[in-house]
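Comments concern the structure below.
Rendered as structure tokens:
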């Protein structure tokens, strides 16, 4: 899964296919501003039951080879 955030638009891609596109709501919580995602993917075929292996924040778009370095 890949999440791309450009300006105020968020896109979520699964296997390089667009899954979700929209504008997330920015909310202020007890620890400061946070992001609230209103979309959830549940298709009764594949439920995510894994762990997040790596999170990277970059100023631009990375090719898959660059991301995995």
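In the numbering used here, the protein residues as written are 1 to 69.
Quick reminder that beta carbons are idealized off the backbone N, C-alpha and C, glycines included.
- Residue pairing of residue 22 in beta bridges, as defined by DSSP: 10.
- In this structure, residue 13 places its C-beta atom within 8 Å of the C-beta atom of residue 19.
- The continuous stretches of alpha helix (DSSP H) do not include residue 57, and DSSP gives it neither H nor E.
- Beyond the five residues adjoining it in sequence on each side, residue 3 comes within less than 6 Å, by CB distance, of 12 in the same chain, given in chain order.
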